Amino acid sequence: MANRLEVERSSNTSSPNNSDRSQPSPCAVPSSSASPYRLGLAGVITLRAYQLSLDNPGYKFHVSLGRFQDGHFKDITVCDSVGTLYVQIAHEQATTHLTLDTICQWFRTFLSIDPQCSTDTKRYLVCTNTPFDSLIDIQLKELEPENEDILSFAYALSATCYQLQRFSELESILQKESLRTLGKLLAWHICNGKQITNESPLLHYYSNFISGCVMPKKGYRKQCYKFKPSFLQSEPQTHTAKVRQSLQTEYTALCANTVLTLENCELYIEESFLSFPDKAVTPNRAFEIAHIAHMNAFFEQFVLLHDTSSVRTLYSKARWELQHVAKSCTVGQHRTIRKELERALLRSSVGSGCMHTLITRKAIDNNQLKHGTERFLRTVRERHPYIVIDEERLKRSQLYNDVTSTDSDAIIYYRDTSSLLFRATIVAQTLAIVPSCEAIFIDNISPKIMQQLAELLPHVAEVYSASLVVLTIVGKLQLSTLQDIAALMATHPNDASHTAYTTVKVILIEDLPVLSDSFLSVSDLTASCSKALLEQHATVTLYGTRTSLDAVVPFEWESKIESDHLEYLQDVLDLIADEREIPNRHKQAYEIIKPWYIERTIDAYQRGAMARKYLAQNVYTMHDDYYSMQYYPFDALPRLDRQSAWRERFATALSPAAPSASAHEMLYTDRRCFAFATESGEGNTSHLTWLAGQLQAHDPSLYIVRLVVSEVAESIEKLELLQCLRSYKMNTAVVRLLYGLVSFAERWHDHDRWAKYLCFSEKRGEAELDRNKCYSWAIPSEQMVRLRLFREKFNRKQLVLLLDDVGVLKPVSRQYVMEFCTLLVHYEAVRSIYLTITTHCADEFSEFFIGRFEYKTLRPFSQLDRMLLLHSVLLSRFEAYRQCDRRYQIQLVPFLQCIIQQSCQPCWDVPLLQRMAVELYLPAIERCVDFTSKRVLSDIKLQLPTANPYQLIKTYMEGKLHAATATCSTDGPAIDTAGRLHRNHALLAIYSLELLYHDQLLSAEERSQAEHLLLEFVDRLRSVEIISGVIGNVPRFCNQTTLQYFASAWLFENRARLSTKRLASFRCRTFWRTSCATLRLLFDSAACANRDGMELHRAICHMSYARSLD
């Protein structure tokens, strides 16, 4: 419980029982209703409570002021360690005498606010200056509060406390008041149709009496009651009859035009309110029991304070109490407490703001400088919890010497390259070991702070008992402000008679980084601090890989000069803390493709066995009802599609199963380089994304580096591979290139510059950092972490390379990349390498690199895989499908897959085209499948047009281009029509292909237009998600299938020029190459869509299809 005073803003309610259950709302300033007397009395009570807290450290108190309400004990509330004191001030009431009626009014208030009648934690005090009636005067008992009691504040006022004595006339009046109040309250609830609940304190306490007087009303709702006949026909002198009479009178006053019939009266009572009365206890007896308990509590808890002080007299007494409090404080606190509180309490004759000034400035508990220092040091400790410097090292520092020396300047500038808070940490730990030193920290010089400094510095010896006071100012400081502070610093005569001499010094920590020769290093930490750091950070995550703190911050060095700066250690700890909030990038990349990715099976690649596969045509024979029914219920789908075998496999695949171990097994084989040979669109890129996440999850200490090899091929070509292979030695150039690859994958800048700090030690066979260059104070902290992390992963063989799109490189570039991988595997520079190539590249290199690579391939997409793909997409797109029972999902998916497969005949059996088909048919599924009623409309057959591979890709791409055009037209400047966008992409596709006779294929104007598109439109076309960027002035398409589609579209659009003699060589030597097989098939598919003069191309397509079926 904090020692403080607050003002309560409480609102009145319309209910007659305005209970004291609402919580107070603290406010900084007194309300307008706070009278001068009430503020003065609150001040005296607060000072007395503070004196008690000085005498007894365990004593806590809280004083609050409520809004003035006549007749309620809410003017002042005092909560202390003993209980609660509710004070009502009667000075403002127009009462000339204290009579029985006045006592009765206070009892009525007591009835409405104290349902528990607690006698040990609550007291109710009425402060009045009215003379006592003669009848009352002889029935009062004078109280003498103990000095430890909060009521002892009466001694400071020269006031007297009284307690009521019992006598028959008062008890009779109080009983009548209870009966009358209860009747009025019941009448108010009946008249207003309000429900009787436990929220009303008086009704709650008389619940046994009410339970005996009512009974349920038949034929009405459960909570409707009426009065019992015993209540209606009770004897005139009984309690029941008096409550009934009071109820009748009050109801007549509330509803003048209504005559109450008690027999038809309805009461609404909450179930939890009614109790099960004891039959032996009549309602009259229940009333007596409750009333006696209430009256006993009132006599024990009610206290009268008779005080005749005026407002002026009250403030004089408050001043005297203030002096008494100040005398009990220490010498250092005396001047501050007395002057500040005296000025606050006596600011004005009415004291309208005295308590606000008293509490908010916290002058009693010293000035704001102390609390500001504690708050700032708490911030420093939270920011740098692990920085604890050895005391002997601090004593040898220049800062310690400047603070303790009598010859040094009074103003000390502490400058370093570290941050302000870090330097403040060093200053705080240094001042903590200076003998007899009081430290004050200020991080913001405000006018209020300057005012307190003006009050403190000239009298610093009277406030602090220390011989040295150091004022540390953190942040920018104006020269004029510094001059003002220097003028305030005390100067004392240099004589022996002045024993309270206190030296004041100022330390300025400004934001001016200056390199210092006496910086603190990691070796200056205490042994316990270093041990705790290493134990708590034995396992950390940096850049997605698991490591340890000592791998990037060595704690043991051969010489102190090589030890890292302490600021570097803090930067590393901050980087580790930030890394906890960043999800693993490989896991994040997998989450993107998870809605449509199907885990693939890895098989050994057999040379020459791969060729484009088509889906089997007319393989499904539907039931006859399929063509006659208007809609298909989910339960009827298995009978219609006749796919019981595949449906069982699909059901089995949906059951929880253990993850594939194929990725983990490849980590621990003798072979370290794996080449996945597939055609474009068969899922190599997605498989690498899945593989990276699997490897990272299996072994978090691996550093997974995934690259699109076309982005780094130029750097690999510059490496002198032949010299490395001939010497059979790892060298520095390879290490630096590997670091460059890691930097490129992480999108780090200036990697060529920082790679020069790395070298390879032939003696140790490890990568090392150049000791002549690598100092933590000379290199950015984040860059030093990257270099040391790479060194650790390289030396521990924990690097894993994933190289995508090797097959699309030029033959020369592919040769370099393959040889580079061979070199890394030969010298065991990495744990393993995974790369993707096309099948014709695998056939080309399998003989040349025999024994160096293990060639793998992905098992072709099966019917089950297609079902799982459709199931995943439906889960990600339709909430209604997710809500379907698993049984209905198993019925629906194979049926949808059958009709989709029949609609895209013939089509390549590759995941990319399957995904395109599902995306294209989703609108039809949304229209024709009712997941709620569990049925499929027969119109779905008409919603799925037949399409070959070229038509499928064309429809998918046109949809994306139309969507991009609509988005750009609303969000920004238009990027032209969808048709022009298609032609621009086609031109960029043919421009990016590395084909023979390329210059003959494109005219000079077309080449110029393509270059113009690269400069002007690539950034805007990137939003279409077809082109991902530009590498070496060549556009990079998101996948090879898309590139070959747009290239085939351009070739078909310009097929007339292919028949010229000028391009005969292109037709013979380029178009029919194995590497252009996909391009050629797409071109033939485009020709099939043209009905006139394309019989030859149609025959070629049919021949390819028939061959694939064979």
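Those letters in the sequence shown? Residues 1 to 1110, per full-length UniProt numbering, in order.
Heads up, the beta-carbon is just placed ideally off N, CA and C, and yes, glycines get one too.
Everything numeric in this text was worked out from a predicted model, so none of it was measured.
Item to check | residue 1115 versus F634: straight-line alpha-carbon distance, rounded | outcome: Since the displayed the chain opens at 1 and closes at 1110, residue 1115 lies outside it and no answer follows.
Next on the checklist: Tell me the residue span of the alpha helix (DSSP H) that contains P447.
Outcome noted: 447-456
Checklist entry - DSSP three-state call for G1029: helix, strand or coil? => result strand
Next on the checklist: Just to confirm before moving on: does the CB-CB distance between V303 and R123 stay below 8 Å?
Outcome noted: V303 places its beta carbon less than 8 Å from that of R123.
Next on the checklist: Output needed for L961: all residues of its chain with C-beta closer than 7 Å, excluding positions within five of it in sequence on either side, in chain order.
Outcome noted: A978, L981, H982, V1024
Checklist entry - Pairing CB atoms from the segment 637-645 with CB atoms from the segment 792-799, are three or more of them under 8 Å? => result no
Next on the checklist: So, at 6 Å on beta carbons, what are the nonlocal neighbours of P1035 in its own chain, with the 5 sequence-adjacent residues on each side left out?
Outcome noted: Contacts found: L988, S992, I1027.
Next on the checklist: Need the endpoints of the beta strand (DSSP E) that T308 sits in, please.
Outcome noted: Unbroken run through T308: none, as it is neither H nor E.
Checklist entry - With distances taken between CB atoms, is the gap from L802 to R672 smaller than 8 Å? => result no
Checklist entry - In terms of alpha-carbon separation, which member of S761, V817, E171 lies closest to I103? => result E171
Checklist entry - What are the boundary residues of the beta strand (DSSP E) that V63 is part of? => result 61-65
Item to check | Cα-Cα separation, S686 to E579 | outcome: 26 Å
Item to check | N-terminal and C-terminal residue of the beta strand (DSSP E) that F441 is part of | outcome: 437-442
Checklist entry - What span of residues does the beta strand (DSSP E) with D909 cover, start to end? => result Note, D909: premise wrong, no beta strand (DSSP E); not H, not E.
Checklist entry - Is it right to say P283 is buried, meaning 16 or more other beta carbons lie within 10 angstroms of its own, or is it exposed? => result buried
Checklist entry - What three-state label does DSSP hand R1036 in the structure shown? => result Shown here, R1036 sits in a strand according to DSSP, grouped into three states.
Item to check | Euclidean distance between Cα positions of G544 and N584 | outcome: 5 Å
Checklist entry - Excluding five sequence neighbours on each side, which residues of the same chain lie with their C-beta closer than 7 Å to the C-beta of L425? => result Reading off the sequence shown, one finds Thr at residue 425, where the question assumed Leu. The residues are V380, H384, I387.
Next on the checklist: Could you check whether the Cβ of Y464 sits closer than 7 Å to any heavy atom belonging to the ligand GDP?
Outcome noted: Among the ligands in the structure shown, none appear at all, so the ligand GDP cannot be discussed.
Next on the checklist: Excluding the 5 residues flanking T503 on each side, which residues of the same chain have their C-beta closer than 6 Å to its C-beta?
Outcome noted: L468
Next on the checklist: My output table needs one value for H565: the three-state DSSP class, helix, strand or coil.
Outcome noted: strand
Item to check | Cα-Cα separation between H623 and A675, rounded to whole angstroms | outcome: 45 Å
Item to check | Helix, strand or coil at E768 [DSSP, three-state] | outcome: strand
Checklist entry - Under three-state DSSP, which class holds P216? => result strand
Next on the checklist: Does S1048 come out as helix, strand or coil in the three-state DSSP assignment?
Outcome noted: helix
Next on the checklist: Rounded to the nearest angstrom, what separates D971 and H985 at their Cα positions?
Outcome noted: The predicted model places D971 with a pLDDT of 49, which falls under 50 and marks its position as unreliable, so this point remains unresolved.
Checklist entry - What separation, rounded to the nearest whole angstrom, lies between the Cα atoms of F298 and V87? => result 14 Å
Next on the checklist: Within the continuous beta strand (DSSP E) that includes R706, where are the two ends?
Outcome noted: 703-708
Item to check | Buried/exposed call for residue 1194, threshold 16 Cβ in 10 Å | outcome: For the chain, the structure presents residues 1 to 1110; residue 1194 sits outside this window and is missing.
Checklist entry - Going by DSSP, what residues sit across from R546 in a beta bridge? => result T541
Item to check | Sub-8 Å separation of R466 and S436 beta-carbons | outcome: The question names Arg, but residue 466 is Ala in the sequence shown. Yes, they are a contact pair.
Next on the checklist: I need the boundaries of the beta strand (DSSP E) containing E854, first residue and last residue.
Outcome noted: For E854, the enclosing beta strand (DSSP E) covers residues 854-858.
Checklist entry - For I779, which of D571, Y816, V311 has the nearest alpha-carbon? => result D571
Checklist entry - Closest to N948 by CA distance: which of E148, I411, C1088 is it? => result Closest by C-alpha distance to N948, out of E148, I411, C1088, is C1088.
Checklist entry - For P633, which beta-bridge partners are listed by DSSP? => result R935
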